[in-house]
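S.K.: Note that the working numbering gives residue 166 to position 143 of the sequence shown, counting from 1, and the numbers run on in steps of one.
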Amino acid sequence: MTAFRDFILGHTEDDTAALLLAREKWPDIDMSLAVNTIESRRKLKAKLPAWYGCPDLIYPNTISAEQCSSSETAALKASVAASLAAHDKMAAEEKPAFRGHIADLTGGLGADSCAFREAGFKVLYNEMDEALCNAARHNFRILGHDDIIISGKEVKPGGVSGIIGEFAPDIIYLDPARRDGAGRKVFLMEDCRPDILALKDELLGCAQYVMVKLSPMADIDMAVSRLGERCREIHVIAAKGECRELLAVLDRDWKGEPGFIAWESPCNPFVFTAQEKRQAAMRLAAGPERLSGFLFEPGKALLKAGAFNLLGERFGLVKLAKSTHLYLLPGNNGKDTIEKLLGFGKVFRIIRTLPLGKAGIKEAGMTWPQADVTTRNIPMTSDMLRTRLRKKPAISGNGTGIIHIFGTRCEFSAGKADNLLIVTERITRLSDI
Numbered sequence: 024m025t026a027f028r029d030f031i032l033g034h035t036e037d038d039t040a041a042l043l044l045a046r047e048k049w050p051d052i053d054m055s056l057a058v059n060t061i062e063s064r065r066k067l068k069a070k071l072p073a074w075y076g077c078p079d080l081i082y083p084n085t086i087s088a089e090q091c092s093s094s095e096t097a098a099l100k101a102s103v104a105a106s107l108a109a110h111d112k113m114a115a116e117e118k119p120a121f122r123g124h125i126a127d128l129t130g131g132l133g134a135d136s137c138a139f140r141e142a143g144f145k146v147l148y149n150e151m152d153e154a155l156c157n158a159a160r161h162n163f164r165i166l167g168h169d170d171i172i173i174s175g176k177e178v179k180p181g182g183v184s185g186i187i188g189e190f191a192p193d194i195i196y197l198d199p200a201r202r203d204g205a206g207r208k209v210f211l212m213e214d215c216r217p218d219i220l221a222l223k224d225e226l227l228g229c230a231q232y233v234m235v236k237l238s239p240m241a242d243i244d245m246a247v248s249r250l251g252e253r254c255r256e257i258h259v260i261a262a263k264g265e266c267r268e269l270l271a272v273l274d275r276d277w278k279g280e281p282g283f284i285a286w287e288s289p290c291n292p293f294v295f296t297a298q299e300k301r302q303a304a305m306r307l308a309a310g311p312e313r314l315s316g317f318l319f320e321p322g323k324a325l326l327k328a329g330a331f332n333l334l335g336e337r338f339g340l341v342k343l344a345k346s347t348h349l350y351l352l353p354g355n356n357g358k359d360t361i362e363k364l365l366g367f368g369k370v371f372r373i374i375r376t377l378p379l380g381k382a383g384i385k386e387a388g389m390t391w392p393q394a395d396v397t398t399r400n401i402p403m404t405s406d407m408l409r410t411r412l413r414k415k416p417a418i419s420g421n422g423t424g425i426i427h428i429f430g431t432r433c434e435f436s437a438g439k440a441d442n443l444l445i446v447t448e449r450i451t452r453l454s455d456i
C-alpha cells in the first residue's frame, strides 16, 4: 500500500481522466481504485477532514463519498444514540439491560459506524457491496477501529435476523440509498433501498430502537404518518447553513405522537412536541411603526421543522407575515433572548424601514452602497431586487455590522399588508449590541 499511497499523494490535484488514459505508465497501480480514491478524497476534504488527512484510506467509488455523513452529522447521530442508551439505563428495571450494541445495516463508507464506535458502542457494520465491505475492513484498521464487526449481506424482508445473528443490538441504524437502479435520486421511503416501511416491524423485533436517516427533502408530516405510532422522535439536522439530514427514531414501546428536535448546532437543540406546534398562536405587529428593534432569521433546521408560530411564543417574537418566516424582537427584550437566538439563526439590528417602491429603492441604493439582499414572500427574487438597488455584495456576509436589506411582505394586526424594505445590520455577538 505504500506505493499506492504515494501515488495518491503525488497525483491529488491531477486530471483523473488523463490518469485513466495513461494507466499503462503505472502497471502496478489499480488505476480505477486510485482515481476513485483521488476523487473521493476531494469530496471528503471538508466533509471528513480526519479521513482526508489519512492518505492510506481507500475508496472504491465516488457516490459513497458523496452520500456519506459529514463528521458533524455523524457525531450528532452518535449523540442521539447515546441519549437513547441513557434513557434505557434509567428504565433498566422495566427493560432488558442496555448492552451498548448498535448495528449499522447500510454501512457505506463507514463514517457513521466509526462515529458510533467513538461514542463507546460495540458496532456491527453491514454493507452488501463487496468492494465497500473490503474497503471498510481496510479503513477501519487504519483508523483504529478494527474491532468493528463486518458483515456483507443484503438487507431484505425476512433477512434481518440473519445479518444480526448473535449480536443482539439495542439500536439498528439505516441510511437507505436514495437512488434508483438508473442512478436517479428518489425521495419516497418505499423507493429507497432498503424499503424501511417494509422492514420496520421486523427491525423493531430485533432491537428496541431503530434510527433511520431520511432525505432532507422529505415531508416531515408525511414521514411521521407513514412510519406510524412507534415513531418516537424526528431530528432535523443542519450543518454549515444547510439542512443536511432528517433522522427518525422508532421505539418498540412507543405509542403516540413523536417529539421534534431541530439541531442548528451539535449543542443547541430546539425541542418541541406536535401538540405545542398545533397550539401555538401567531402574533403580528400592530402596524409599520412597530417595525423596530431586532430581526431574527431562523436557521435551516428550524425552518424545516416548521414550528413557525412556536418560535414566537418561546422567544416573545412577532412574525412579519403568515408566510414570511422572519421575526421581530422588540428592542426591550434584553440580551438573554438575543443570546439564545444567536444559537438558532441570524440576528440583525433594524436600522430603517422604507416602502418597497421606486422612492424607497432609490433611497436605499444611495444610502447603503454595499449590502447583502434577501427577498421573502414578494414577487421579486433576491437577484432582481439587488439589481434594482444597484447593490454590490457586502464584503463578508458573516461578520457583525454587515448591512443586509430585506425586501419582504409584512402583515399587521391593525392595518393592511404592505411590501417593505427593512435595512438591518448583522449582529453576531452580544458585545455588539
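Every residue, glycine too, gets a C-beta built ideally from N, C-alpha and C.
1. Whole angstroms are fine: how far does the CA of Ala-297 sit from the CA of Met-245?
2. Using three-state DSSP, classify Phe-435 as helix, strand or coil.
3. DSSP state of Lys-278, grouped into three classes?
4. Which residues share a DSSP beta bridge with Thr-296?
5. Below 9 Å between beta carbons: does that hold for Asn-149 and Ile-81?
6. Determine the DSSP secondary structure at Asp-214, reduced to helix, strand or coil.
7. Can you tell which of Thr-347, Cys-156, Ala-98, Gln-302 has its C-alpha closest to the C-alpha of Asn-400?
8. Between Cys-229 and Pro-281, how many whole angstroms is the CB-CB distance? I'm expecting something under 8 Å.
9. May I ask you to report which of helix, strand or coil DSSP gives Asn-23?
10. Ends of the alpha helix (DSSP H) at Tyr-75?
11. When the Cα atoms are used, what is the spatial distance from Arg-301 to Gly-279?
12. Starting from the Cα of Gly-181, find the closest Cα among Asp-198, Ile-172, Thr-397, Leu-227 and give me that residue.
13. So Phe-436 and Leu-307 are in contact, right, with Cβ under 8 Å, and what is the actual spacing, rounded?
14. In chain order, which beta strand (DSSP E) runs of at least 3 residues are fully inside the stretch 307–389?
15. Alpha carbons only, please: which of Trp-286, Glu-62, Ala-88 is nearest the one belonging to Lys-70?
16. Given this structure, state the Cα-to-Cα distance separating Gly-430 from Ser-405, to the nearest angstrom.
17. Leaving aside the five residues before and after Arg-64 along the sequence, list all residues of the same chain whose C-beta is less than 6 Å from its C-beta, in chain order.
18. If you reduce the DSSP assignment to three classes, tell me which class Leu-32 lands in.
19. DSSP on Glu-225, reduced to helix/strand/coil?
20. Using a Cβ-Cβ cut-off of 6 Å (strictly less than) and excluding sequence neighbours within five positions of Pro-289, which residues of its own chain qualify?
21. Distance, Cα to Cα, Pro-21 vs Lys-145?
22. Since Leu-351 and Ala-303 are thought to touch, with beta carbons under 8 Å apart, how far apart are those beta carbons, to the nearest angstrom?
23. Mind reading off the beta-carbon distance from Ile-373 to Phe-317? Whole number of angstroms is fine, and I expect it under 8 Å.
24. Buried or exposed: which applies to Leu-458, given that a residue is buried once 16 or more other Cβ atoms fall within 10 Å of its Cβ?
25. Pick out whichever of Arg-253, Glu-225, Trp-277, Lys-323 has its Cα sitting closest to the Cα of Met-240.
26. May I ask you to list the residues that DSSP assigns as paired with Cys-266?
27. Which of the three DSSP states is assigned to Ala-271 in this structure?
28. How about Cys-77 and Gly-131: are their beta carbons less than 9 Å apart?
29. Once the 5 residues before and after Glu-177 are set aside, which same chain residues still bring their CB inside 6 Å of it?
30. So Leu-42 is in the alpha helix (DSSP H); what residue range does that whole segment cover?
31. Which residues in the same chain as Val-247 place their Cβ atom closer than 7 Å to its Cβ, once the five residues preceding and following it in sequence are excluded?
32. What does DSSP give as the partner residues of Gln-231 in its beta bridges?
33. May I have the straight-line CA-CA distance separating His-168 from Glu-141, to the nearest angstrom?
34. Would you mind stating whether Ala-138 and Phe-121 have Cβ atoms separated by less than 9 Å?
35. Exposed or buried, which one is Ala-309 when buried takes at least 16 other CB atoms within 10 Å?
36. Do Leu-250 and Leu-197 have their C-beta atoms closer together than 9 Å?
M.R.: On the basis of the data shown:
1. Counted from its first residue, the sequence shown places residue 245 at position 222. Counted from its first residue, the sequence shown places residue 297 at position 274. Cα to Cα, Met-245 sits roughly 13 Å from Ala-297.
2. As a first step, residue 435 must be located in the sequence shown, where it is residue number 412. DSSP places Phe-435 in strand when its eight states are reduced to three.
3. Counting from 1 along the sequence shown, the entry for residue 278 is found at position 255. Lys-278 falls in the coil class under three-state DSSP.
4. By one-based count along the sequence shown, residue 296 stands at place 273. In the DSSP output, where bridge partners are listed per residue, Thr-296 has Gly-282.
5. Along the sequence shown, one-based indexing puts residue 149 at 126. Along the sequence shown, one-based indexing puts residue 81 at 58. The answer is no: Cβ separation not under 9 Å.
6. On the sequence shown, residue 214 is found 191 positions in, with the first residue counted as 1. Looking at Asp-214 - three-state DSSP - the assignment turns out to be helix.
7. Residue 400 sits at position 377 when you count from the first residue of the sequence shown. With distances taken between Cα atoms, Asn-400 lies closest to Thr-347.
8. As a working mapping, residue 229 is identified with position 206 in the sequence shown. As a working mapping, residue 281 is identified with position 258 in the sequence shown. With a Cβ gap of about 21 Å, Cys-229 and Pro-281 do not count as contacting.
9. Residue 23 cannot be examined here, being either before or after the span of the chain that is shown, 24 to 456.
10. For this step, residue 75 is matched to residue 52 along the sequence shown. Taken as a continuous stretch (DSSP letters only), the alpha helix (DSSP H) holding Tyr-75 covers 72–75.
11. Residue 301 sits at position 278 when you count from the first residue of the sequence shown. Residue 279 sits at position 256 when you count from the first residue of the sequence shown. For Arg-301 and Gly-279, the distance between alpha carbons rounds to 15 Å.
12. The residue given as residue 181 occupies position 158 in the sequence shown. Nearest option by C-alpha distance: Leu-227.
13. Residue numbering aside, residue 436 sits at position 413 when the sequence shown is read from its first letter. Residue numbering aside, residue 307 sits at position 284 when the sequence shown is read from its first letter. Note that residue 436 is Ser in the sequence shown here, rather than Phe. About 5 Å; that satisfies the 8 Å criterion.
14. 317–321, 341–344, 347–352, 368–378
15. As a first step, residue 70 is located in the sequence shown; it is residue number 47 there, counting from the start. Of the listed residues, the one whose Cα sits closest to Lys-70 is Ala-88.
16. Counting from 1 along the sequence shown, the entry for residue 430 is found at position 407. Counting from 1 along the sequence shown, the entry for residue 405 is found at position 382. The alpha-carbon atoms of Gly-430 and Ser-405 are separated by roughly 8 Å.
17. On the sequence shown, residue 64 is found 41 positions in, with the first residue counted as 1. Closer than 6 Å at the Cβ level, and outside the excluded window around Arg-64, lie Tyr-75.
18. On the sequence shown, residue 32 is found 9 positions in, with the first residue counted as 1. Helix at Leu-32.
19. Here residue 225 refers to the residue found at position 202 when the sequence shown is read from its first residue. In the structure shown, Glu-225 sits in a helix (DSSP, three-state: H, G or I).
20. To locate residue 289, count along the sequence shown from 1; it is residue 266. Closer than 6 Å at Cβ, skipping near neighbours: Leu-99.
21. As displayed, the chain neither begins before 24 nor continues past 456, which places residue 21 out of reach and without an answer.
22. The count along the sequence shown starts at 1 and reaches residue 351 at position 328. The count along the sequence shown starts at 1 and reaches residue 303 at position 280. About 16 Å separates the two Cβ atoms, so there is no contact after all.
23. If you number the sequence shown from 1, residue 373 lands on position 350. If you number the sequence shown from 1, residue 317 lands on position 294. Yes, they are in contact, since the Cβ atoms of Ile-373 and Phe-317 sit about 7 Å apart, within 8 Å.
24. Summary: the structure shown does not reach residue 458, with the chain confined to residues 24 through 456, and so no result is reported for it.
25. As a first step, residue 240 is located in the sequence shown; it is residue number 217 there, counting from the start. Nearest of Arg-253, Glu-225, Trp-277, Lys-323 to Met-240, Cα basis: Lys-323.
26. As a first step, residue 266 is located in the sequence shown; it is residue number 243 there, counting from the start. Answer by DSSP bridge pairing, in chain order: Ala-261.
27. In the sequence shown, residue 271 corresponds to position 248, counting from 1. It is a strand residue.
28. Start at 1 with the first residue of the sequence shown, and residue 77 comes out as number 54. Start at 1 with the first residue of the sequence shown, and residue 131 comes out as number 108. Contact flag unset, no.
29. Here the question's residue 177 lines up with position 154 in the sequence shown. Met-151.
30. In the sequence shown, the residue the question calls residue 42 occupies position 19. Where Leu-42 is concerned, the enclosing alpha helix (DSSP H) stretches over 39–44.
31. Counting from 1 along the sequence shown, the entry for residue 247 is found at position 224. The residues are Cys-254, Ile-257, Pro-281.
32. In the sequence shown, the residue the question calls residue 231 occupies position 208. None, per the DSSP bridge assignment.
33. The residue labelled residue 168 in the question sits at position 145 within the sequence shown. The residue labelled residue 141 in the question sits at position 118 within the sequence shown. Their Cα atoms are separated by approximately 9 Å.
34. To locate residue 138, count along the sequence shown from 1; it is residue 115. To locate residue 121, count along the sequence shown from 1; it is residue 98. In this structure, Phe-121 does not lie closer than 9 Å to Ala-138 by Cβ.
35. The residue you call residue 309 lines up with position 286 of the sequence shown. By the neighbour-count rule (16 or more Cβ atoms within 10 Å), Ala-309 is not buried but exposed.
36. Translated into the one-based positions of the sequence shown, residue 250 becomes position 227. Translated into the one-based positions of the sequence shown, residue 197 becomes position 174. Against a cut-off of 9 Å, the Cβ pair of Leu-197 and Leu-250 comes out as no contact.
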